[in-house]
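Chains as they are written, first to last, in the numbering used here: chain A, 209 to 442; chain B, 32 to 299. We treat Cβ as the ideally placed atom computed from N, Cα and C, and that holds for glycine. Please read these numbers as outputs of a predicted model, since none were measured by experiment. Here is the structure we will look at.
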Amino acid sequence: MPELIKVTDVVKRFGRVTALGGICLSLFEGETMGLVGESGSGKSTLARLILKLIEPTSGTIDYNGITNIRRECQIVFQDPQTSLNPRIRVGEAIAEPMVIHKIENKVGELLEMVKLPANYAERYPHELSGGERQRVGIARALSLKPKFLILDEPVSSLDVSTQVEILKLLKQIKHDLGLTYLFIAHDLSVIGYLSDRIAVMREGRIIELGSKEEVLAAPKEAYTKKLIESSFTL
Amino acid sequence: MLEVKELSVQYEKENLAVKAVDNVSFGLANGEILGIAGESGSGKSTIALALMRLIQPPGRITGGEVFLDGQDLLKMPEAELIKVRGARISMVFQDPFTSLNPVFTVGEQIAESIRLHQGFGRKEAWSRAVEMLDLVRIKDPGSRSKDYPHQFSGGMRQRVMIAMALACQPELLIADEPTTALDATIQAEIVRLFLQIQAEFKISIIYISHSFGIIKALCHRVVVVNQGRVMEAGGVGEVLARPRSGYTQKLLDAVTALNPRLIKEVKT
Ligand SMILES: Nc1ncnc2c1ncn2[C@@H]1O[C@H](COP(=O)(O)OP(=O)(O)OP(=O)(O)O)[C@@H](O)[C@H]1O
Ligand SMILES: Nc1ncnc2c1ncn2[C@@H]1O[C@H](COP(=O)(O)OP(=O)(O)OP(=O)(O)O)[C@@H](O)[C@H]1O
Ligand SMILES: [Mg+2]
Ligand SMILES: [Mg+2]
C-alpha cells in the first residue's frame, strides 16, 4: 500500500514544554492507525501538525496524493464543545463545510448516520448531551467525504452500546470510501476494535509500534504492558 | 446524607417539552460511592446538575425534592445554596474546557477556589494548588501551574477539574464522566485517589460513568437510568452479576461485545 502521509523527525516545542521530541511515522493508504498513550504525551499535537493547523519546530510532514489538506483531511476534535460554535445550530454547523466547498447538503442523512434524530438540526450545541455533541463532530467531519480522517477520542463520552454503533459505522464508512484513519483513543478495547496498527506514545515519543496483535497480545514495552493491565474490565 | 425524591426535569422549547429526568429517586449514605450509568442522552448529567440546582432555562426542575442532611436544596434560598456549592458539594463537570476560565492560569483557579472555601492565605493556597496538581499526576506541577487552560492537553484539563473539586474538601463529590480523557494508567490512579479520599475523609461520591469496569472497581451501589427513568438500582456486584432489567443486560452485553478477547487473554 502506498504511503499517504509521512512524518519525519518532527519536533514541536511550546515555550519550555517539548510536546513532541522527534516523531517518525508513516500512514499507509486504507489503514487505521491507532494512537494510544499517556495523557499529555503529544497525541493531539501530532494530529494538529498533520492537519497543518500548527507548524512543527523542526522536521517534515509529506503528503502523497493529497492536494487540498483543508478538504481532504478532516478531524473530529477531542473537545466537541470548543469546536462547535455555541451560537450556530447543529444543522448549520454540519452544513457549513459542505456550503464552503459547494457540495450537496446532506445534513439529515449525516445525522441519521450518527444515530441522532433529524430534528436535532434545530438545536444549539448546549442543548445536547456530551455524547450527542461528540456525534455531531463526527457527522461534520464526514460531510466532505475526506480521504484522511483523524479521530481524536471520538467516542470517549459515549456509553458502550452507542460506542459500538459508532465504531461499526466508522468501520463501514472506511470500507465504503476507502478512507485512512488516525484514531486516537485511550480505551484499548476501542483501539483494538478499529485499528490495523497501533502506536504507543509517551512523553513526546513513539515508544512502541506494531500490528494490533503484536502490541495488544505481546507488548514489548513496560509502559504498554502497564496500560493493558490498568484497563478496567468487567 | 443525600435523599433524592421523585426528581423531574424538563427542557422546554417552542411548546415542546423533553422530559430529561422523570421521577428519579435514590439515596446516598455517608461515605458511600454511588455510580450512575446509562446510555448517552439518558439524563445522567441533567440529574447531576439538578442536584446542585444548576439547570439553566429553558430547562426547569418540574418536581421533586433533594435533601442534604434533611434540608431541601431545591427550596433553599440562592444565597445559602451558593455556600453549599463548593464548600459542601463540589462537582467535576463533564466538559472541562467550558468550566475553566481561559484568562486565569490553572494554578490561580485552583488557589482561588481554595482561598474562597477554606480561608487560606494567598501563599498557602498557591502551594496547596500545586500539591493538588501533583496529586492528579500533572508532571512538573510547580511550573505547569502557571500555564493557561488552553496550554494543557484534554486529559490534563480534566485532571485540573478533579484537583479543583477535591481541593475544596467537600462532603459530597459529584463527578460527571471525570476520566474519559485519561489513559488507563492515569485513570487507574485517579480511581485509586477517589477510593483513598473516600476512605480517609469519609466523603460521599456520585460517580457518573458509561464504563461498567470503572463502576465495578469504584462504586458500592449503582443506579441505571434510561430516558430519564431509573431502570434499576442496587449493589454493584448484584446488578452486574444478575441484572434485573433488560436494559442493564443490553448495556452489559455491549461491553462484552466490544471487549476484545485479545486483552482478556493477555490478562489471564
Ligand atoms: N498551545 C500550547 N501551549 C503550550 N503547551 C501546549 C500547547 N498545546 C499542547 N501543549 C503541551 O504539549 C503536551 C502534549 O499535549 P497534547 O494535547 O498533544 O497531549 P495528548 O497526548 O493529546 O494528551 P491527552 O490524552 O490528555 O489529550 C502537553 O504537555 C501540553 O500541555
Ligand atoms: N439545554 C437543553 N435543551 C434541550 N434538551 C437538552 C438540553 N440539555 C440536555 N438536553 C437533552 O436532555 C437529554 C438528557 O441529557 P443529559 O445531558 O442529561 O444526558 P447524559 O445522560 O448526560 O448523556 P451523555 O452520556 O451523552 O453525556 C438528552 O436527550 C439531551 O439532548
Ligand atoms: Mg489530546
Ligand atoms: Mg452527560
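Inset, instruction - Grab the span of the beta strand (DSSP E) containing residue 360 of chain A for me, first residue to last. - result: 356-360
Legend entry - For residue 191 of chain B, three-class secondary structure by DSSP: helix
Legend entry - Span separating the alpha-carbon of residue 205 of chain B from that of residue 193 of chain B: 10 Å
Legend entry - Within 9 Å, strictly: CB atoms of residue 191 of chain B and residue 180 of chain B: yes
Legend entry - Distance, residue 148 of chain B Cα to residue 160 of chain B Cα: 13 Å
Inset, instruction - Give a single yes or no on whether residue 216 of chain B has its beta carbon closer than 8 Å to a heavy atom of ligand 1. - result: no
Inset, instruction - Consider the C-beta atom of residue 379 of chain A and the heavy atoms of ligand 4; say whether any pair is separated by less than 8 Å. - result: no
Legend entry - Start and end residues, beta strand (DSSP E) containing residue 260 of chain B: 260-266
Inset, instruction - Give the secondary structure of residue 73 of chain B by DSSP, where H, G and I count as helix, E and B as strand, and everything else as coil. - result: coil
Inset, instruction - Please write down, chain order preserved, every residue whose beta carbon lies under 5 Å from a heavy atom of ligand 1. - result: A:222, A:225, A:227, A:247, A:248, A:249, A:250, A:251, A:252, A:253, B:182, B:183, B:184, B:185, B:186
Legend entry - Residues of its chain near residue 433 of chain A, where Cβ-Cβ distance is below 7 Å and the 5 sequence neighbours each way are ignored: 427
Legend entry - Members of the region 258-286 of chain A that neighbour chain B once the beta carbon cut-off is set at 7 Å: 286
Legend entry - Sequence-distant residues of its chain with Cβ nearer than 7 Å to residue 124 of chain B (five each side left out): 130, 192, 207
Inset, instruction - Would you decide whether residue 334 of chain A is buried or exposed? Buried here means 16 or more other CB atoms lie within 10 Å of its CB. - result: exposed
Inset, instruction - Give the range of the alpha helix (DSSP H) segment to which residue 144 of chain B is assigned. - result: 137-149
Inset, instruction - Closer than 7 Å by beta-carbon distance: list the chain B residues that pair up with residue 366 of chain A, in chain order. - result: 71, 241
Legend entry - Chain-ordered chain A contacts of residue 177 of chain B [CB-CB under 7 Å]: The premise fails here: residue 177 of chain B is roughly 10 Å from chain A at the closest Cβ pair, so nothing lies under 7 Å.
Legend entry - Members of the region 113-137 of chain B near chain A, C-beta cut-off 9 Å: 125, 126, 127, 128, 129
Legend entry - Any non-hydrogen atom of ligand 2 closer than 8 Å to residue 441 of chain A Cβ: no
Inset, instruction - Name, going along the chain, the residues of the region 208-222 of chain B whose beta-carbon falls closer than 8 Å to a beta-carbon of chain A. - result: 208, 211, 212, 213, 214, 215, 216, 217, 218, 219, 222
Inset, instruction - Kindly give me the distance between the Cβ atoms of residue 292 of chain A and residue 256 of chain A, rounded to whole angstroms, as I take these residues to be in contact under 8 Å. - result: Contact flag wrong, Cβ pair sits at about 17 Å.
Inset, instruction - Spell out a yes or no on whether the region 216-226 of chain B and the region 165-176 of chain B are touching, meaning 3 or more CB-CB pairs, one atom from each, closer than 8 Å. - result: yes
Legend entry - Alpha-carbon to alpha-carbon, residue 277 of chain B and residue 178 of chain B: 47 Å
Legend entry - Where residue 332 of chain A sits in the DSSP three-state scheme: coil
Inset, instruction - Only counting runs of 4 or more residues, tell me where the alpha helix (DSSP H) segments fall wholly within the region 376-421 of chain A, in order along the chain. - result: 396-402
Legend entry - Buried versus exposed, by CB contacts within 10 Å (16 or more), residue 274 of chain B: buried
Inset, instruction - Consider the Cβ of residue 192 of chain B: report whether some Cβ of chain A lies at a distance smaller than 9 Å. - result: no
Inset, instruction - Can you pull the chain A residues whose beta carbon is under 9 Å from the beta carbon of residue 262 of chain B, in chain order? - result: Ordered by position in chain A, no residue passes the 9 Å Cβ test against residue 262 of chain B, which lies about 13 Å from the chain.
Inset, instruction - For residue 90 of chain B, verify whether its CB is less than 8 Å away from any heavy atom of ligand 4. - result: no
Inset, instruction - Leaving aside the five residues before and after residue 273 of chain A along the sequence, list all residues of the same chain whose C-beta is less than 8 Å from its C-beta, in chain order. - result: 210, 212, 237, 355
Legend entry - DSSP state of residue 270 of chain B mapped onto helix, strand, coil: helix
Legend entry - Neighbour flag for residue 281 of chain B against chain A, beta carbons, 9 Å: yes
Inset, instruction - Drop a sphere of 10 angstroms on the beta-carbon of residue 395 of chain A, count the other beta-carbons inside from all chains shown, and report buried for 16 or more, exposed for fewer. - result: buried
Legend entry - Complete alpha helix (DSSP H) runs within the region 295-324 of chain A (minimum length 4 residues, chain order): 298-308, 315-321
Inset, instruction - Tell me, please, whether the CB atom of residue 380 of chain A is closer than 9 Å to any CB atom in chain B? - result: no
Inset, instruction - May I have the straight-line CA-CA distance separating residue 296 of chain B from residue 300 of chain A, to the nearest angstrom? - result: Low local confidence applies: a pLDDT of 39 at residue 296 of chain B is under 50, so the model's placement there is unreliable, and no value is given.
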